[in-house]
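**Q**
Number of protein chains: 2
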Amino acid sequence: MHIAVLAGGVGGAKFLAGVKRHLGWDPYGAAPADTDDEIVAIVNTADDIRLHGLQICPDLDSCLYTLSGQADTERGWGRAGETWTASGELAGYGAEAPWFSLGDKDIATHLVRTRMLDAGYPLSSVTAALVARWQPGVTLLPMTDDRVETHVVVADPAATAGDPAPLIALHFQEWWVRHGAGLTPQSISPIGAAESTPAPGVLEAIAAADLILIAPSNPVVSIGTIVAVPGIKQALRSATAPVVAVAPLIGGAPVRGHADVCLAAIGVESTAEAVGRHYGARSDQGLLDGYLIATGETADVPGVRVSAVPLLMSDPDATAAMVQACREVAGV
Amino acid sequence: MHIAVLAGGVGGAKFLAGVKRHLGWDPYGAAPADTDDEIVAIVNTADDIRLHGLQICPDLDSCLYTLSGQADTERGWGRAGETWTASGELAGYGAEAPWFSLGDKDIATHLVRTRMLDAGYPLSSVTAALVARWQPGVTLLPMTDDRVETHVVVADPAATAGDPAPLIALHFQEWWVRHGAGLTPQSISPIGAAESTPAPGVLEAIAAADLILIAPSNPVVSIGTIVAVPGIKQALRSATAPVVAVAPLIGGAPVRGHADVCLAAIGVESTAEAVGRHYGARSDQGLLDGYLIATGETADVPGVRVSAVPLLMSDPDATAAMVQACREVAGV
Numbered sequence: 008m009h010i011a012v013l014a015g016g017v018g019g020a021k022f023l024a025g026v027k028r029h030l031g032w033d034p035y036g037a038a039p040a041d042t043d044d045e046i047v048a049i050v051n052t053a054d055d056i057r058l059h060g061l062q063i064c065p066d067l068d069s070c071l072y073t074l075s076g077q078a079d080t081e082r083g084w085g086r087a088g089e090t091w092t093a094s095g096e097l098a099g100y101g102a103e104a105p106w107f108s109l110g111d112k113d114i115a116t117h118l119v120r121t122r123m124l125d126a127g128y129p130l131s132s133v134t135a136a137l138v139a140r141w142q143p144g145v146t147l148l149p150m151t152d153d154r155v156e157t158h159v160v161v162a163d164p165a166a167t168a169g170d171p172a173p174l175i176a177l178h179f180q181e182w183w184v185r186h187g188a189g190l191t192p193q194s195i196s197p198i199g200a201a202e203s204t205p206a207p208g209v210l211e212a213i214a215a216a217d218l219i220l221i222a223p224s225n226p227v228v229s230i231g232t233i234v235a236v237p238g239i240k241q242a243l244r245s246a247t248a249p250v251v252a253v254a255p256l257i258g259g260a261p262v263r264g265h266a267d268v269c270l271a272a273i274g275v276e277s278t279a280e281a282v283g284r285h286y287g288a289r290s291d292q293g294l295l296d297g298y299l300i301a302t303g304e305t306a307d308v309p310g311v312r313v314s315a316v317p318l319l320m321s322d323p324d325a326t327a328a329m330v331q332a333c334r335e336v337a338g339v
Numbered sequence: 008m009h010i011a012v013l014a015g016g017v018g019g020a021k022f023l024a025g026v027k028r029h030l031g032w033d034p035y036g037a038a039p040a041d042t043d044d045e046i047v048a049i050v051n052t053a054d055d056i057r058l059h060g061l062q063i064c065p066d067l068d069s070c071l072y073t074l075s076g077q078a079d080t081e082r083g084w085g086r087a088g089e090t091w092t093a094s095g096e097l098a099g100y101g102a103e104a105p106w107f108s109l110g111d112k113d114i115a116t117h118l119v120r121t122r123m124l125d126a127g128y129p130l131s132s133v134t135a136a137l138v139a140r141w142q143p144g145v146t147l148l149p150m151t152d153d154r155v156e157t158h159v160v161v162a163d164p165a166a167t168a169g170d171p172a173p174l175i176a177l178h179f180q181e182w183w184v185r186h187g188a189g190l191t192p193q194s195i196s197p198i199g200a201a202e203s204t205p206a207p208g209v210l211e212a213i214a215a216a217d218l219i220l221i222a223p224s225n226p227v228v229s230i231g232t233i234v235a236v237p238g239i240k241q242a243l244r245s246a247t248a249p250v251v252a253v254a255p256l257i258g259g260a261p262v263r264g265h266a267d268v269c270l271a272a273i274g275v276e277s278t279a280e281a282v283g284r285h286y287g288a289r290s291d292q293g294l295l296d297g298y299l300i301a302t303g304e305t306a307d308v309p310g311v312r313v314s315a316v317p318l319l320m321s322d323p324d325a326t327a328a329m330v331q332a333c334r335e336v337a338g339v
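Going down the list, the protein sequences come from chains R and B.
Just add 7 to the spot in the first sequence (first one is 1) and you have our numbering.
Just add 7 to the spot in the second sequence (first one is 1) and you have our numbering.
Next up, the structure:
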C-alpha cells in the first residue's frame with residue numbers, strides 16, 4: 008500500500024509514527040528492507056526560518072528526528088540528549104532572536120543543510136541527504152523547494168496604549184514562539200505560496216497513492232500552507248486514492264499548539280465539524296472523502312463520511328488504530 | 008605608553024597577557040578606565056579557515072578568549088567550559104573536516120562573525136564587535152581584512168609508495184591539525200598576501216607606537232604572514248619606535264607548536280640566532296632593533312642588541328618580566 012500524508016511538525020511526526028506502526032513497521036526506525044509498502048510525507052515548510060545565517064526547518068526536522076528515534080519525547084520537540092551551549096553564547100553576543108533556542112545537535116543539522124542550500128542544492132535534495140543518515144523509514148518531501156513563510160499580522164504590542172495600534176507582520180515563529188501565539192492575529196498568510204511550485208515528487212506521490220491522509224496538524228499554518236502551494240490542492244482533488252483527514256481538535260481544543268487561535272484568524276470555529284467543513288468534500292470543491300473525529304463528538308460535513316474514534320495519539324499503537332479507522336472510513 | 012604587538016594565536020595571546028601585566032593591568036580582563044597606555048595587537052589571520060560555512064579565525068579568537076579570561080588554560084586553546092555536541096553531530100553527518108573540532112561556544116562566535124561578514128562588514132569591524140562583548144583590554148586588529156590563507160605544499164601522503172609522490176597543497180589547518188605538522192613541507196605560502204592591504208588601524212598603530220614588540224609566535228606562519236602583507240614591513244622599518252622580537256625557540260625548540268618544521272621549510276635553522284638573523288636588523292633591511300633570547304643561549308645578530316633572559320611564559324608575571332627586558336634592550 009502506498010500512503011501519502013500531509014503533515015506539519017510534532018503532531019505530523021506522531022501521526023506518521025502511527026502510520027508506520029499500522030504497516031507493521033518500527034515507528035521509530037527504518038522501513039523493512041523487503042516491504043512493498045511506502046509512506047510519503049509531504050511536509051509543511053512555511054514555518055522555516057533563517058536565524059544566525061542558518062536555515063531552520065522545524066517541521067521537516069521534527070519528522071526526521073521523531074521517525075528515526077532521535078526526538079526528545081519528554082520535551083516534545085528537538086533532539087534527545089540535546090545541549091544548549093551555543094544558544095547561551097549567541098544570547099551573550101546579543102544576537103538576533105534570543106527567544107528561539109537552538110540545540111547544539113540541531114545546529115549541526117542546520118549547518119549541513121545551510122551549506123548544501125548555499126551550494127545550490129534544493130531543499131528536497133538536502134532533505135534526502137539528511138534522510139540518508141537518519142533513515143526515518145518515510146520519504147520526507149518538503150511541500151516546496153521555494154521560499155514560503157507564514158506571516159501573522161497583529162496589532163503592534165509595542166505601540167502606545169490608547170492609540171489605535173498600528174499593524175505589524177511577524178514571522179510565524181516570532182508570533183508562535185516569542186509571543187506564545189498570544190497576540191490576536193488579524194490575518195495569517197503564507198507569503199510566497201502563490202508563486203511556489205510543489206517540490207519534486209509531491210504531485211507524483213499524491214497521484215500514486217492508494218490512500219491519502221491529512222494528519223491532525225494545524226489546519227491553517229500546516230495543512231493550510233501545504234494546500235496553498237499551487238497544484239497540490241488540484242492533485243488531491245484529482246487523485247484516484249481517497250483522502251481522509253483526522254480532526255486536529257478534541258473537544259474543540261487542540262491537544263498541543265494553538266490551532267484554535269489560527270482558526271479564529273481565518274473565521275473558522277474551533278470545532279471538528281467546522282474544520283471538516285473548512286476542508287470540504289471532494290465532491291464539492293473540497294479535499295475530503297472521509298474524516299475522523301473524536302469519540303463522543305458529532306460532525307455533519309456534507310459529502311464526507313465521518314467516523315468518531317479515539318483520537319489521542321498517546322502511542323504508536325493508538326495512532327495506528329486511527330490509521331486503521333481512516334482506511335475503514337475510506338473503504339480501502 | 009603605546010605598545011604595538013605582532014602576534015599569532017596561543018603564544019601571542021600569552022605574550023599579550025604579559026604586556027597587560029607589565030602595564031599593571033589585569034592580564035585577563037578589561038583595561039583600566041583611566042589609563043593613558045594602549046596595547047594594539049596586530050594578529051595573524053592566515054590560519055583562518057571556512058568550515059561548515061563558518062568563518063573561523065583561530066588566532067584572533069585565541070587572543071579574544073585568553074585576554075578576557077574565557078580561555079581553557081588547561082587544554083591550551085578554545086573556551087573554558089566548552090562542549091562539543093555539534094562537532095560530534097557534524098561528524099555523524101560525514102561533514103567536512105572531522106579532524107577540526109569546533110566547540111559549541113566557539114560555533115556561536117563563528118555564527119556571529121560569519122553573519123556579519125556575509126552582511127558586508129569587514130573582519131576588522133566584526134572583530135571590534137566581538138571585542139565589545141569580551142573586553143580583552145587590548146585593541147585587536149586583524150593584519151588584513153582581505154582573504155589570506157597559508158597553504159603548505161607537501162608530497163601527497165595518499166600517493167603510492169615507491170613512486171615519486173606528486174605534490175599537493177594543503178590549507179595550513181589541514182597540515183597542522185589533521186596531519187600534526189608531520190608531513191615535511193616543500194614550501195609554505197601565505198596565498199593572497201601579495202594582493203592584500205593592512206586592515207584599518209594597523210599602519211597607524213605601528214606609526215603611533217612607543218614600542219613595537221614581535222611576540223614569540225611562529226616566525227613563518229604567524230609573524231611571517233603578518234609582515235607579508237604589503238606595507239606592514241615598510242611601516243615597521245620606518246616606525247619611530249624601536250622594534251624588539253622575542254625568540255620563539257628555547258634550546259632550539261618551540262615551547263609549543265611546530266615552528267622548527269616551518270623554519271626548515273624556509274631554509275632557516277632552528278636556533279634563536281638563525282631566527283634573529285632571519286628577522287634581521289632595521290639598520291640592514293630587516294625588522295629588529297632588539298632581540299630577546301633564552302638565558303644560557305647566545306645569538307650574534309648583526310645590528311641588533313641581543314639580551315638573554317628567562318623566556319618561558321609560565322604566567323603573566325614571568326611574561327611581564329620579558330616585556331620589561333624588551334624595554335631595556337630597546338632603551339625605552
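We treat Cβ as the ideally placed atom computed from N, Cα and C, and that holds for glycine.
Quantities reported herein were computed from a predicted structural model and do not represent experimental measurements.
1. Taking 8 Å as the CB-CB cut-off, is V133 of chain R touching chain B?
2. Spatial neighbours of G283 of chain B within its chain, please: CB distance less than 8 Å, with the 5 preceding and 5 following residues excluded, ordered by chain position.
3. Exposed or buried, what is R289 of chain B when buried is set at 16 or more other beta-carbons lying within 10 Å of its beta-carbon?
4. In chain order, what are the residue ranges of uninterrupted alpha helix (DSSP H) at least 4 long that sit wholly in the segment 98-132 of chain R?
5. Counting only C-beta atoms, is H59 of chain R closer than 8 Å to chain B at any point?
6. For the structure I just gave you, are there three or more beta carbon pairs, one from the segment 149-157 of chain R and one from the segment 135-146 of chain B, closer than 8 Å?
7. For T42 of chain B and T146 of chain B, I'd like the C-alpha separation in whole angstroms.
8. Could you tell me if the beta carbon of G60 of chain B falls within a distance shorter than 7 Å of some heavy atom in the ligand FMN?
9. Would you say G99 of chain R lies against chain B (beta-carbon separation less than 8 Å)?
10. What residues in its chain sit with their C-beta under 6 Å from that of A266 of chain B, if we drop five residues either side in the sequence?
11. Using a C-beta to C-beta distance shorter than 9 Å, which residues of chain C count as neighbours of T146 of chain R?
12. Looking only at its chain, what residues have a beta carbon closer than 6 Å to the beta carbon of A212 of chain B, apart from the 5 residues adjacent to it on each side?
13. Could one say the Cβ of R122 of chain B lies closer than 8 Å to chain R's Cβ atoms, at least one of them?
14. Taking only beta-carbon atoms, is L319 of chain R less than 8 Å away from chain B?
15. In the DSSP assignment, what are the bridge partners of A48 of chain R?
16. Reducing DSSP to helix, strand and coil, say where S224 of chain B ends up.
17. Applying the 10 Å Cβ sphere with the 16-neighbour rule, what's the burial state of R82 of chain B?
18. Taking the alpha-carbon positions, what's the P171 of chain B to G31 of chain R distance?
19. Judging by CA-CA distance, which residue of B:V234, B:V268 and B:D217 is the nearest neighbour of V160 of chain B?
20. Counting C-beta neighbours from all protein chains within 10 Å, is the total for D55 of chain R 16 or more, i.e. buried, or is it exposed?
21. Residues of chain R with CB under 7 Å from A102 of chain B, in chain order?
22. Would you mind giving the Cβ-Cβ distance between A24 of chain B and L61 of chain B, rounded to the nearest angstrom? I have them listed as a contact below 8 Å.
23. Could you check whether H9 of chain R and D163 of chain R sit closer than 8 Å to each other, using their CB atoms as the reference points?
24. If the cut is a Cβ gap below 8 Å, which residues of chain B does E63 of chain R touch?
25. How would you write the range of the alpha helix (DSSP H) that A282 of chain R sits in, first residue to last?
26. For a minimum of 3 consecutive residues, which ranges assigned as the beta strand (DSSP E) are wholly contained in the segment 285-333 of chain B?
27. So which residues on chain R does E181 of chain B lean against when the C-beta distance must stay under 9 Å?
28. Quick check: the Cα distance between E426 of chain R and P205 of chain R, rounded to an integer number of angstroms?
29. Is D111 of chain B buried or exposed, if buried means 16 or more other CB atoms sit within 10 Å of its CB?
30. For a cutoff of 8 Å on Cβ pairs, would you count I221 of chain B as touching chain R?
31. Considering just the uninterrupted stretch of the alpha helix (DSSP H) at P65 of chain B, what are its terminal residues?
32. Between the beta-carbon of L148 of chain B and the beta-carbon of I49 of chain B, is there less than 8 Å?
33. Is G85 of chain B buried or exposed, if buried means 16 or more other CB atoms sit within 10 Å of its CB?
34. In whole angstroms, give me the CA-to-CA distance for G293 of chain R and V234 of chain R.
35. I need the straight-line Cα distance from R57 of chain B to P223 of chain B, nearest angstrom please.
36. For R140 of chain B, return the contacting residues in chain R, with the cut-off set at a CB-CB distance below 9 Å.
**A** According to the structure data:
1. no
2. A252, A254, L295, Y298, I300, A306, V308, V311 and V313
3. buried
4. 111-125
5. yes
6. no
7. 14 Å
8. No copy of the ligand FMN occurs in the structure displayed, which carries no ligand at all.
9. yes
10. N225 and P255
11. Absence of chain C from the displayed structure is noted, the protein chains being R and B.
12. A11 and V47
13. yes
14. no
15. R:V12 and R:L147
16. coil
17. exposed
18. 59 Å
19. B:V268
20. buried
21. V119
22. At roughly 27 Å, the Cβ-Cβ gap does not stay under 8 Å, so A24 of chain B and L61 of chain B are not in contact.
23. no
24. Position check: residue 63 of chain R holds Ile in this sequence, whereas Glu was assumed. Neighbours of I63 of chain R on chain B: none; closest Cβ ~12 Å, over 8 Å.
25. Reading off the sequence, residue 282 of chain R comes out as Val, not Ala. Where V282 of chain R is concerned, the enclosing alpha helix (DSSP H) stretches over A279 to Y286.
26. 297-301 and 312-316
27. Here the premise fails: no neighbours, minimum Cβ distance about 18 Å.
28. Chain R is shown only over 8 to 339; residue 426 of chain R falls outside these bounds and no answer can be derived.
29. buried
30. no
31. P65 to L74
32. yes
33. buried
34. 11 Å
35. 26 Å
36. G99, Y100 and G101
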